[in-house]
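In the working numbering, the protein residues as written are 595 to 733.
These notes are about the structure you will find just below.
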């Protein structure tokens with residue numbers, strides 16, 4: 595596996611870690627110069643951080659009680675750009691909410707190498723399967 599593939603894979607994994615630990619400012623930093631497309635379109639650090647803070651429920655421990663599992667990752671690198679496709683499965687468990695899959699879908703990500711480092715350029719999230727999101731998303 596090339597260094598490029600590892601760096602890109604680490605960015606995808608870091609996103610999941612930051613969301614699951616409730617570090618929405620950290621997610622915003624990943625998208626400081628990128629666009630996040632899901633239920634809406636958000637570009638830049640403040641917009642992405644704000645979107646998460648306004649839509650995702652965090653609990654007493656500061657986390658959303660989730661675990662994002664990313665799989666079936668395909669990475670296509672072309673010079674200083676790359677495109678990836680992956681599945682995402684989101685699990686959640688809380689003291690009064692048993693462990694379950696609350697959503698599953700796909701990520702389509704674009705990356706750019708800037709000053710020798712890979713960065714997100716765009717993330718497109720498409721959720722195909724929805725479970726009980728009542729404990730994850732604010733109404």
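We put the beta carbon where it would ideally sit given N, CA and C, even for glycine.
Boundaries of the beta strand (DSSP E) harbouring residue 685: 675 to 688, taken from the DSSP string. Distance from the Cα of residue 633 is smallest, within the candidate group 649, 657 and 656, for 649.
When the five nearest sequence neighbours on each side are left out, the beta carbons in the same chain lying within less than 7 Å of the beta carbon of residue 610 are those of 662 and 664, in order along the chain. If you ignore the 5 residues before and after residue 622, its C-beta comes within less than 6 Å of the C-beta of 639, 642 and 643, all in its own chain and listed in chain order. An exposed status is given to residue 668, since fewer than 16 other beta-carbon atoms sit within 10 Å of its beta-carbon. Residue 595 counts as exposed, since fewer than 16 other C-beta atoms from the protein chains shown sit within 10 angstroms of its C-beta. As DSSP reads the structure, residue 672 sits in a beta bridge with 675.
For residue 633, no alpha helix (DSSP H) segment is defined, and its DSSP state is neither H nor E. Spanning the alpha carbons of residue 707 and residue 689 requires a straight line of approximately 42 Å.
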